[in-house]
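These notes concern the structure reproduced below.
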Amino acid sequence: MNCSVVTIFPEVINAYLGASIMKRAIAKGLLTVNVHDLRAYTSDKHHTVDDYPYGGGAGMVMKPEPFFRITEELWPDRATRKIILLSPTGRKFDQNCAEELLGEEKELVFFCGRYEAIDERVHQYLADEEISVGDYVLTGGELPSLVIIDAVTRLIPGALGDCRSAEADSFSSGLLDYPHYTRPEIFSGKEVPPVLLSGNHSEVSRWRKKQALKATLMKRPDLFDTYTLSEDDMKLLDEIKEEN
Ligand code: 9D3
-12 MNCSVVTIFP
-2 EVINAYLGAS
8 IMKRAIAKGL
18 LTVNVHDLRA
28 YTSDKHHTVD
38 DYPYGGGAGM
48 VMKPEPFFRI
58 TEELWPDRAT
68 RKIILLSPTG
78 RKFDQNCAEE
88 LLGEEKELVF
98 FCGRYEAIDE
108 RVHQYLADEE
118 ISVGDYVLTG
128 GELPSLVIID
138 AVTRLIPGAL
148 GDCRSAEADS
158 FSSGLLDYPH
168 YTRPEIFSGK
178 EVPPVLLSGN
188 HSEVSRWRKK
198 QALKATLMKR
208 PDLFDTYTLS
218 EDDMKLLDEI
228 KEEN
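Residue numbers are given in our numbering: position 227 of the sequence shown equals residue 214, and the series is strictly consecutive.
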């Protein structure tokens, strides 16, 4: 996957890229991320990226020129770029969205805004897609762009150490994850569920499925709206309901 990030805080993006799974994916050649300082594409001596809003009101608006200039210089061909504008009014990011982006052949270009808004002409004439990471207010698009690149990176085949981890994820299965335990067997009197020590793989699987169903029922019942229950799932859910 090939990405670029356009931001007035390139060091924020670079700091995160220099650690974690993303660093490894870059080293393995599975991912490229080019970070561009928007200020380098201004044409005044103060490198101004924002200005007062027409019509008045509080807050500043990011100027259109630097975004248009960087696009013309670095990604002049619409056919080979996909510009993703991080915006609180965009489509809400989720795991399906991450999978869609993974399948994208074009270079993914992330435009990060700061201040109250970005000039509407950037939204209208440059953005191919507008994405939000959730209904809460951040100070800019930098963390959202990292969230998206991080989520897509771990879907790239070979990016994770263990290829089984990505598919076993909650949300990939449609249910929340089951509880995990590691050594010691008893930690200050608190025991690991005996079934996990039994060596009986089908019992372990059944227990995990039941715990995943239980966690989903208690914490995220909304996930059942889009999850198709098997016969076995319904039996496990009955067991759970009887136990409570
Ligand atoms: C009252 C208008 N505000 C919108 C809620 C203005 C505003 C505040 C903060 C506009 C942009 C921002 C900065 N946020 C982002 O750039 C952003 C964001 C977010 O704040 N939440 C979730 N996803 C995203 S993607 C980009």
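We put the CB at the ideal spot given by N, CA and C, even for glycine.
With DSSP collapsed to three states, give me the class of residue i.
i      : result
THR76  : strand
ASN231 : coil
GLU218 : helix
ARG68  : strand
ASP37  : strand
VAL179 : coil
ILE143 : coil
PHE54  : helix
PHE174 : strand
TRP62  : coil
ASN1   : helix
ASP137 : helix
ALA114 : coil
LEU89  : helix
Taking residue i and residue j to be in contact with their CB atoms under 8 angstroms, please state how far apart those CB atoms are, rounded to whole angstroms.
i      : j      : result
ARG195 : TYR165 : 4 angstroms
VAL182 : VAL191 : 6 angstroms
LYS79  : SER119 : 5 angstroms
VAL22  : LEU88  : The pair is not a contact, with the Cβ atoms about 18 angstroms apart (cut-off 8 angstroms).
MET47  : GLU103 : 6 angstroms
Cα separation between residue i and residue j?
i      : j      : result
LYS10  : GLY127 : 23 angstroms
GLY5   : GLU226 : 47 angstroms
ASP31  : TYR168 : 58 angstroms
ASP64  : GLY16  : 24 angstroms
VAL36  : ARG207 : 42 angstroms
LEU18  : ASN231 : 47 angstroms
PHE184 : GLY176 : Phe is not the amino acid found at residue 184; the sequence shown has Leu there. About 16 angstroms.
ILE0   : GLU129 : 7 angstroms
ARG108 : PRO51  : 7 angstroms
ARG68  : GLU172 : 52 angstroms
CYS84  : SER159 : 12 angstroms
Mind checking who residue i pairs with in its DSSP beta bridge?
i       : result
MET205  : MET205 pairs with nothing; no bridge assigned.
SER(-9) : ASN21, VAL96
SER119  : LYS79
MET49   : ASP37, ILE105
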